[in-house]
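Undergrad: Below is the structure I would like to discuss, written out as structure tokens.
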Amino acid sequence: MPFRIATFLIASLAVAAGAVGLFGWKFGWLGAWLGAVLWLGLDAWRAERLLRVLRNDAAGLPTRGPGVWGELSERIRKLLRDREQQTRQAEDRLQEFLAAIQASPNGVILLDEQGRIEWCNQTAASQFGIDAERDLLQHLANLVRDPAFVAYLASWNYSRDVVIDASGPGHAHQRSHPVRLSVQVHPYAGNRRMLLTRDITALEQAEAMRRDFVANVSHEIRTPLTVLAGFVETLQNLPLDANERTRYLALMGQQSHRMETLVNDLLTLSRLEGSAAPSGNQWIRTRALLAQCEDEGRGLSGRLAPLGHRLSFTIDAESEMSGAPTELQSAMSNLLSNAIRYTPGGGEVAVSWKVLPDGRGEYAVRDTGPGIAAEHIPRLTERFYRIDRSRSRETGGTGLGLAIVKHIAQRHGAELRIESTVGKGSRFALLFPAARVREARVLAK
Ligand code: ADP
Numbered sequence: 003m004p005f006r007i008a009t010f011l012i013a014s015l016a017v018a019a020g021a022v023g024l025f026g027w028k029f030g031w032l033g034a035w036l037g038a039v040l041w042l043g044l045d046a047w048r049a050e051r052l053l054r055v056l057r058n059d060a061a062g063l064p065t066r067g068p069g070v071w072g073e074l075s076e077r078i079r080k081l082l083r084d085r086e087q088q089t090r091q092a093e094d095r096l097q098e099f100l101a102a103i104q105a106s107p108n109g110v111i112l113l114d115e116q117g118r119i120e121w122c123n124q125t126a127a128s129q130f131g132i133d134a135e136r137d138l139l140q141h142l143a144n145l146v147r148d149p150a151f152v153a154y155l156a157s158w159n160y161s162r163d164v165v166i167d168a169s170g171p172g173h174a175h176q177r178s179h180p181v182r183l184s185v186q187v188h189p190y191a192g193n194r195r196m197l198l199t200r201d202i203t204a205l206e207q208a209e210a211m212r213r214d215f216v217a218n219v220s221h222e223i224r225t226p227l228t229v230l231a232g233f234v235e236t237l238q239n240l241p242l243d244a245n246e247r248t249r250y251l252a253l254m255g256q257q258s259h260r261m262e263t264l265v266n267d268l269l270t271l272s273r274l275e276g277s278a279a280p281s282g283n284q285w286i287r288t289r290a291l292l293a294q295c296e297d298e299g300r301g302l303s304g305r306l307a308p309l310g311h312r313l314s315f316t317i318d319a320e321s322e323m324s325g326a327p328t329e330l331q332s333a334m335s336n337l338l339s340n341a342i343r344y345t346p347g348g349g350e351v352a353v354s355w356k357v358l359p360d361g362r363g364e365y366a367v368r369d370t371g372p373g374i375a376a377e378h379i380p381r382l383t384e385r386f387y388r389i390d391r392s393r394s395r396e397t398g399g400t401g402l403g404l405a406i407v408k409h410i411a412q413r414h415g416a417e418l419r420i421e422s423t424v425g426k427g428s429r430f431a432l433l434f435p436a437a438r439v440r441e442a443r444v445l446a447k
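Going by this note's numbering, the first residue of the sequence shown is number 3, and it counts up by one from there.
This is the structure:
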């Protein structure tokens, strides 16, 4: 302020002095007055210039000039710069938050007081089939018309979630496979709402599978148990001679053996599911695996069919396989035992091992049994899936054999291929990756 007064006085006095010098003492006051007017004019011009810039969004604010207007301009510029920086930082943080919510595997939708979409992440958009940009400020209840969802949204009682079919008829998007969504609303900031959505399709499927599995196991165990209980009752209540008793006890033995086999297969499956994949550095000779298969196969064939089967075993290359020996043996024997069990006596079963030109190893079992209709083939590896239930039971099947084979194959990176023609026979093959197959180091003696 003193600088301002000083410049005002200097301007007045300077012009007054000039006037006195030029026109004499009489013009001193006139000169002082003219100096004051000039100073005021300059001052008003600078004030106006600053105001104009401020009215114009402060773009092109003059850099530090002299006097109070220069300092004002400079201070405003600094203040604006600080504010801009704060806004930019706040904007960056908001973007980071939004990016974090975008990355969430769950859907998030923010609704305003009227139930209109304020923001939603990509997951929610694709789950509900809405467009994250185009559908902004649309009423969500107009876009997702599932009656259960609409009622839930309007109820304002959000203590539980609501489960909806995201591919249902009221849905904006029709999908090829059903998607089940769990939606839970959380109110915030007064009447605003946040919707969290979760895809529970896999969870529900797993739950349904678990229920089916328990029902199947119970059924499989109940049947032999009922038979056993019947025999026990007979033995208790009827006076049987020694021969009959022996016959009944043999039948009871069969039933308990059946239950034992089932429990063993269930334990094998759960062990396979719960353990780490077999390492790639334990090598087994394929000839040894096939020899074991041959022993078991010939024994089984002799027991099942008085005529036996025409069994053949061929190996085209002395090779080794890496993996868990017991698992590999179990998978290979399983395929052979199926071929023998389902092929009538006198039929042919051919087992082969060969190394393919690309280095993969193929173990194949071909039979001349009844064959399998195409619609059954994709389901054969499901637990307890059987085509010929009575044949399976008669020959000691549990319905878990191929499920075990598939598990073992997956653990070894192998592929199970099934080809079959009804009335002609089937071919089950396990294709092992080249990394698990190598030439045998020591030739068989
Ligand atoms: P199971 O213990 O009943 O044999 P699997 O899982 O081993 O169960 O096989 C599933 C079903 O696939 C069998 O019940 C049978 O109907 C069918 N199957 C398996 N192998 C053959 C085969 N070689 N020929 C005909 N049907 C077969």
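Using N, Cα and C, we set each Cβ at its ideal position, and we do this for glycine too.
1. How about N340: is its Cβ closer than 6 angstroms to a heavy atom in the ligand ADP?
2. Quick one: residues in its chain with C-beta nearer than 8 angstroms to the C-beta of G117, no 5 flanking neighbours on either side, listed in chain order?
3. Kindly indicate which residue of A18, P64, L198 and L183 has the alpha-carbon position closest to the one of Q462.
4. Under the criterion of a Cβ to heavy atom distance below 6 angstroms, does L382 qualify as lining the ligand ADP?
5. Hey, out of P327, A210 and F130, whose CA is closest to V185's CA?
6. Per DSSP, which residues does F315 bridge with? Please list them.
7. Measuring CB to CB, does P226 end up less than 7 angstroms from R249?
8. Quick test of the definition: if touching needs 3 or more C-beta pairs under 8 angstroms, does the region 424 to 431 touch the region 358 to 370?
9. According to DSSP, is L74 helix, strand or coil?
10. By Cβ distance, which residues of its chain are closer than 7 angstroms to A150, with the 5 residues on each side in sequence left out?
11. If we count the other Cβ atoms within 10 Å of its Cβ and call it buried at 16 or more, is F434 buried or exposed?
12. Strictly by DSSP, which residues pair up with W121?
13. Look up D167 in the DSSP assignment and say whether it is helix, strand or coil.
14. Could you check where the alpha helix (DSSP H) with Y387 kicks off and where it finishes?
15. For a quick check, are the C-beta atoms of G373 and L338 less than 7 angstroms apart?
16. I'd like to confirm something about S335: is its beta-carbon nearer than 6 angstroms to some heavy atom of the ligand ADP, or not?
17. With a threshold of 6 angstroms (Cβ to nearest heavy atom), would L489 be considered close to the ligand ADP?
18. Pull up the DSSP beta-bridge partners for H141, would you.
19. Does the Cβ of A21 have 16 or more other Cβ atoms within 10 Å, making it buried, or fewer, making it exposed?
20. Verify whether the separation of the beta carbon atoms of M323 and V439 is less than 7 angstroms.
21. Measuring alpha carbon to alpha carbon, tell me which of E73, D59, C122 and L113 ends up nearest A101.
22. Give me the Cα-Cα distance between R212 and S277, rounded to the nearest whole angstrom.
23. Would you check whether the ligand ADP has a heavy atom nearer than 6 angstroms to the C-beta of S314?
24. Please state if the CB of E320 and the CB of A442 are separated by a distance shorter than 7 angstroms.
25. In this structure, does DSSP put E86 in helix, strand or coil?
26. Please determine if the region 415 to 422 and the region 299 to 319 are in contact, where contact requires at least 3 C-beta pairs separated by less than 8 angstroms.
27. Can you give me the C-alpha to C-alpha distance between E364 and E275, rounded to a whole angstrom?
28. To the nearest angstrom, how far is it from the Cα of L205 to the Cα of L197?
29. Which word fits P4, buried or exposed, when buried means at least 16 other C-beta atoms lie within 10 angstroms of its C-beta?
30. Under 6 angstroms: does the beta carbon of D369 sit that close to some heavy atom of the ligand ADP?
31. DSSP on G172, reduced to helix/strand/coil?
32. Who are the Cβ neighbours of T288 in its own chain at under 6 angstroms, not counting the five residues just before and after it?
33. Return yes when the Cβ of Q331 is within less than 7 angstroms of the Cβ of Q294, no when it is not.
34. According to the neighbour-count rule (16 or more other Cβ atoms, all chains shown, within 10 Å of its Cβ), is S422 buried or exposed?
35. Within 6 angstroms: the Cβ of R300 and any heavy atom of the ligand ADP?
36. Straight-line CA distance for V219 to G401?
TA: Walking through what the data contain:
1. Result yes, Cβ under 6 angstroms from the ligand ADP.
2. Excluding residues up to 5 positions away in sequence, H141, L142, A143, L155 and R195 lie with their Cβ nearer than 8 angstroms to the Cβ of G117 in the same chain.
3. No answer is possible for residue 462: it lies beyond the span of the chain, which begins at 3 and ends at 447.
4. In this structure, the ligand ADP has a non-hydrogen atom nearer than 6 angstroms to the beta-carbon of L382.
5. Considering only alpha carbons, the answer is F130.
6. Within the DSSP secondary-structure output, F315 pairs in a beta bridge with V353.
7. Taking 7 angstroms as the Cβ cut-off, P226 and R249 do not qualify as a contacting pair.
8. Flag = yes, the region 424 to 431 and the region 358 to 370 touch.
9. Of the three classes helix, strand and coil, the one that applies to L74 here is helix, per DSSP.
10. Correct list, in chain order: V164 and I166.
11. That one is buried.
12. Per DSSP, L112.
13. The three-state reading of DSSP puts D167 in strand, counting E and B together.
14. In the DSSP assignment, Y387 falls outside any alpha helix (DSSP H), carrying neither H nor E.
15. No, these two residues do not count as a Cβ contact at 7 angstroms.
16. Outside the cutoff, so no.
17. There is simply no residue 489 to check, as the chain begins at 3 and stops at 447 in what is shown.
18. Partner(s): R118.
19. Answer is buried; the Cβ neighbour count reaches 16.
20. Cβ distance < 7 angstroms, so M323 and V439 count as in contact.
21. Residue C122 holds the alpha-carbon nearest to the alpha-carbon of A101 among E73, D59, C122 and L113.
22. Inter-residue distance for R212 and S277 is about 19 angstroms (C-alpha atoms, whole angstroms).
23. No, the Cβ of S314 stays beyond 6 angstroms of every heavy atom of the ligand ADP.
24. It is a contact, given that the beta carbons lie within the stated cut-off.
25. Note: E86 maps to helix in three-state DSSP.
26. The region 415 to 422, when compared against the region 299 to 319, does not touch it at the 8 angstroms Cβ threshold.
27. Cα-Cα distance, rounded: 24 angstroms.
28. Here the alpha carbons of L197 and L205 stand approximately 20 angstroms from one another.
29. P4 should be labelled exposed.
30. Yes.
31. Only weak support is given to the placement of G172: the predicted model assigns it a pLDDT of 46, under 50, and the question is left unresolved by the model.
32. If we look at T288 and ignore the five residues flanking it on each side, its Cβ neighbours are S321, M323 and W355.
33. In this structure, Q331 lies closer than 7 angstroms to Q294 by Cβ.
34. Buried, because 16 or more other Cβ atoms sit within 10 Å of the Cβ of S422.
35. Answer for R300: no, Cβ out of range of the ligand ADP.
36. Computed Cα separation, rounded: 10 angstroms.
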